[in-house]
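So the protein lines, in turn, are chains A, B, C, D, E, F and G.
Okay, so the first sequence: first residue is 1 according to this note's numbering, each after it adds one.
Okay, so the second sequence: first residue is 101 according to this note's numbering, each after it adds one.
Okay, so the third sequence: first residue is 201 according to this note's numbering, each after it adds one.
Okay, so the fourth sequence: first residue is 301 according to this note's numbering, each after it adds one.
Okay, so the fifth sequence: first residue is 401 according to this note's numbering, each after it adds one.
Okay, so the sixth sequence: first residue is 501 according to this note's numbering, each after it adds one.
Okay, so the seventh sequence: first residue is 601 according to this note's numbering, each after it adds one.
Glycine residues also receive a C-beta, built at the ideal position from the N, C-alpha and C atoms.
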Amino acid sequence: MAGIKRLVLDVLKPHYPLVLEFACALSELNGVAGVNLSLYEVDQETENVKITIEGDELNYEEIKRVINELGAVIHSIDEVVAGKRIVEEVETHQD
Amino acid sequence: MAGIKRLVLDVLKPHYPLVLEFACALSELNGVAGVNLSLYEVDQETENVKITIEGDELNYEEIKRVINELGAVIHSIDEVVAGKRIVEEVETHQD
Amino acid sequence: MAGIKRLVLDVLKPHYPLVLEFACALSELNGVAGVNLSLYEVDQETENVKITIEGDELNYEEIKRVINELGAVIHSIDEVVAGKRIVEEVETHQD
Amino acid sequence: MAGIKRLVLDVLKPHYPLVLEFACALSELNGVAGVNLSLYEVDQETENVKITIEGDELNYEEIKRVINELGAVIHSIDEVVAGKRIVEEVETHQD
Amino acid sequence: MAGIKRLVLDVLKPHYPLVLEFACALSELNGVAGVNLSLYEVDQETENVKITIEGDELNYEEIKRVINELGAVIHSIDEVVAGKRIVEEVETHQD
Amino acid sequence: MAGIKRLVLDVLKPHYPLVLEFACALSELNGVAGVNLSLYEVDQETENVKITIEGDELNYEEIKRVINELGAVIHSIDEVVAGKRIVEEVETHQD
Amino acid sequence: MAGIKRLVLDVLKPHYPLVLEFACALSELNGVAGVNLSLYEVDQETENVKITIEGDELNYEEIKRVINELGAVIHSIDEVVAGKRIVEEVETHQD
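Pasting the structure below:
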């Protein structure tokens, strides 16, 4: 099955709801095999989390809607993998 | 089986009870396959431990209750993984 | 099957269309098994992405055409692998 | 089999008995599958060793007794793993 | 089959022909299983590429001829592996 | 089979006999499966080598005797592994 | 089969003959399974290469003779592995 197989998102959220709620809501979407949320910056009112989603035919619009409905915003799409199999980024001398 | 598959918690505890008691109490909860406790900062009265819990349908409220009953508090949820399989965080150029 | 098996491209694109559209368009080309797009620099009007494409008998001209049609340009070809199997770059003392 | 599966201990010992004796004595305890002792600091009268013990249902009190009987003291329990399987500590952005 | 199994070459080339042409020409030589070309320095008129070639009974003279015919020169042979199987360089304290 | 499974020794030796003679003599001892000798410091009269020995029921006294008979001395035992299987040292935040 | 299974040599050679000739000559010796030559320093008249040889019952005297006959000299034996199986050097806190 082709389509989007991995998305890495930089997301800004308020402290509540907890990352647990994001993880559960996202893991129940169509095509999602698993979700990883990592906290990487905590401010007084907000926190930055990096969300890695893997699966088949991931639907970005639906993912974005779930994130927004929980009160958070996507800052950037840091990585996207599409196709028949997952391809990892290759380290080069230009990095 | 879906639900939460991994939790990484930053916990502040007094020196007693020992990390051993936390490990045993947490490993006996429903759905828990294994628990790792690592000491990473020791102060005069307290110590910081990083708790990594893996399993199926982990119950955060129950985990939190056990930690609190042993006299410790959760400072932050540093990582959560949910879904049908464990997805690791992917390193990106934005890290 | 011989031919080009991997291409790593340094690409400059405007913010829109999103990397998602590049990923999907490229993953549908002949011979492409998978595509990875990583964001590594964001400026006010543009962003730099590193595109890693793997497959069999990759067609560079077609790939270039798709990238250009989406409004982006290839800055450099940072790595190319060709032959019957993928050969990784070997680290040497001259690096 | 549940219970404690790994213990990492920071131990202060006199130069004699040698680490070999600690290794042999600990490896003969119930449930111990293997023991690793690494020297990491040598002072005039004493040395610090890191002891990693793996097995099933490790008995901390027995382990501590053996270490004390050989004239050494446990400074801290740096890691403990419990449950049905070994869970490794996960690296996070908060480390 | 014995003979040369891997060659790592430091090559200086003009910007054209593209690395793609080198990759394709080299991958068609006798005994070549795969070729990796990595860009590691770009100057105004020229670029430095590291070429890793793997296969059986690689013919250095033929490889050199192809590289020269495309207008490039070999600066140095940074690694060579020969024999019945590939042996990797071992890291030592003298590195 | 239990007993000592790995020994890592810091050894000071004169330039002759060569490390080759140490390797061969040690590899012929009872229980020894393999020996690794790495040079890590060379002085005018002496050199420091790190000797890693793996096997079953390694006999430290015999190993020490062989090393001494070849004119070298053991400075320290840097690691010892004992038990039914090899346990690796685990990296912790206290390292 | 016991005996020497790996040798890592620090060798000084003139620019000619090329490393290719050393690789081929060494790979044809009795017991040699594979040879890796890495260039790590180039001077005006000479170059330093690190030679890693793996196999069974490697004959150091024969290897040395071949290297000398090609006009090069062995500076040091940086690693030697002997026994029934290859044992890797273990990293310790004393490194």
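When the Cβ atoms of the stretch 303-323 of chain D are set against those of the stretch 261-270 of chain C, are three or more pairs found closer than 8 Å?
In this structure the stretch 303-323 of chain D does not lie against the stretch 261-270 of chain C, because fewer than three pairs of beta carbons, one per stretch, are closer than 8 Å.
Keeping to the same chain, check which residues put their C-beta closer than 8 Å to that of Val680 of chain G; ignore five residues upstream and five downstream.
Counting only Cβ-Cβ distances below 8 Å, and skipping sequence neighbours, we find Ile604, Arg606, Leu607, Val608.
Rounding to the nearest angstrom, what Cα-Cα distance links Glu354 of chain D and Gly583 of chain F in this structure?
Inter-residue distance for Glu354 of chain D and Gly583 of chain F is about 10 Å (C-alpha atoms, whole angstroms).
So, are the CB atoms of Val687 of chain G and Val549 of chain F less than 9 Å apart?
In this structure, Val549 of chain F does not lie closer than 9 Å to Val687 of chain G by Cβ.
Interface residues of chain G around Leu509 of chain F at Cβ under 8 Å?
Close to Leu509 of chain F, with beta-carbon spacing below 8 Å, lies no residue of chain G; the smallest spacing is near 10 Å.
Between Leu439 of chain E and Glu445 of chain E, how many whole angstroms is the CB-CB distance? I'm expecting something under 8 Å.
Between Leu439 of chain E and Glu445 of chain E, the beta carbon gap of about 15 Å keeps them out of contact (Cβ cut-off 8 Å).
Would DSSP call Glu221 of chain C helix, strand or coil?
DSSP places Glu221 of chain C in helix when its eight states are reduced to three.
Is it buried or exposed for Glu169 of chain B, if we count other Cβ within 10 angstroms and need 16 for buried?
Exposed is the call here.
Return helix, strand or coil for Arg585 of chain F, following the three-state DSSP convention.
In the structure shown, Arg585 of chain F sits in coil (DSSP, three-state: anything other than H, G, I, E or B).
Quick one: is Glu641 of chain G buried, meaning 16 or more other Cβ sit within 10 Å of its Cβ, or exposed?
The residue is exposed, with fewer than 16 neighbouring Cβ atoms inside 10 Å.
Check whether the Cβ of Ser676 of chain G lies closer than 9 Å to any Cβ atom in chain C.
Cβ-Cβ to chain C under 9 Å: no for Ser676 of chain G.
According to DSSP, simplified to helix, strand and coil, what is Tyr660 of chain G?
Of the three classes helix, strand and coil, the one that applies to Tyr660 of chain G here is helix, per DSSP.
Taking Cβ-Cβ distances shorter than 9 Å, what residues in chain I pair up with Tyr260 of chain C?
Any reference to chain I falls outside this structure, whose protein chains are A, B, C, D, E, F and G.
Comparing alpha-carbon positions, which option in G:Glu691, G:Ser676, G:Val690, G:Asn659 lies nearest Gln494 of chain E?
Taking Gln494 of chain E as reference, the option from G:Glu691, G:Ser676, G:Val690, G:Asn659 with the minimal CA-CA separation is G:Ser676.
Name the two residues that bound the continuous beta strand (DSSP E) containing Val8 of chain A.
Note, Val8 of chain A: beta strand (DSSP E), 4-14.
Pair within 9 Å by beta-carbon distance, Ile651 of chain G and Val611 of chain G:
Taking 9 Å as the Cβ cut-off, Ile651 of chain G and Val611 of chain G qualify as a contacting pair.
Residue range of the unbroken beta strand (DSSP E) whose run includes Ala333 of chain D
Counting along the chain, the beta strand (DSSP E) containing Ala333 of chain D begins and ends at 332-342.
Residues of chain F with a CB under 8 Å from the CB of Gln444 of chain E: which are they?
Residues of chain F passing the Cβ test: none, with the nearest at roughly 44 Å.
Can you tell me which of B:Asp178, B:Asn159, B:Cys124, B:Ile167 puts its alpha carbon nearest to the alpha carbon of Glu131 of chain B?
The sequence shown places Gly at residue 131 of chain B, not Glu. With respect to the C-alpha of Gly131 of chain B, the residue from B:Asp178, B:Asn159, B:Cys124, B:Ile167 having the closest C-alpha is B:Asn159.
Give the DSSP bridge partners of Ser176 of chain B, in chain order.
Bridge partners of Ser176 of chain B: B:Asp110.
Residues of chain B with a CB under 9 Å from the CB of Ala23 of chain A: which are they?
Within chain B, the residues near Ala23 of chain A are Ile104, Val180, Val181, Ala182, Gly183.
Answer yes or no: does any C-beta atom of chain D fall closer than 9 Å to that of His693 of chain G?
So yes, His693 of chain G belongs to the interface.
For Thr352 of chain D, list the residues DSSP reports as bridge partners.
Beta-bridge pairing links Thr352 of chain D to D:Val308, D:Asn336.
When burial is assigned at 16 or more other CB atoms within 10 Å of the CB, is Asp43 of chain A buried or exposed?
When all chains shown are included, Asp43 of chain A counts as exposed.
Alpha carbon to alpha carbon, how far is Pro614 of chain G from Val673 of chain G? Give it in angstroms, no decimals.
For Val673 of chain G and Pro614 of chain G, the gap between their C-alpha atoms comes out near 10 Å.
Apply the 10 Å Cβ neighbour rule to Asp449 of chain F and answer buried if 16 or more other Cβ atoms are within range, or exposed otherwise.
Only positions 501 to 595 of chain F appear in this structure, which leaves residue 449 of chain F out of reach.
Output the distance between the C-alpha atoms of Leu637 of chain G and Glu328 of chain D, rounded to the nearest integer angstrom.
Their backbone Cα atoms lie some 46 Å apart in a straight line.
If we ignore side chains and look at the alpha-carbon of each, how far apart do Cys524 of chain F and Gly571 of chain F end up?
Gly571 of chain F has its alpha-carbon roughly 15 Å from the corresponding atom of Cys524 of chain F.
Inter-residue spacing [alpha-carbon to alpha-carbon] between Phe222 of chain C and Ile267 of chain C:
Cα-Cα distance, rounded: 7 Å.
Only counting the same chain, and skipping five residues up and downstream in sequence, which positions put a Cβ closer than 8 Å to that of Ala233 of chain C?
Glu254, Gly255, Asp256.
Using the beta-carbon of each residue, which ones in chain B are nearer than 9 Å to Ile386 of chain D?
Gly134, Asn136, listed in chain order.
With a threshold of 9 Å between beta carbons, is Glu541 of chain F in contact with chain E?
It does: the Cβ of Glu541 of chain F has a partner Cβ on chain E nearer than 9 Å.
Kindly indicate if chain G contains any beta-carbon less than 9 Å away from that of Val473 of chain E.
Output row for Val473 of chain E: interface = no.
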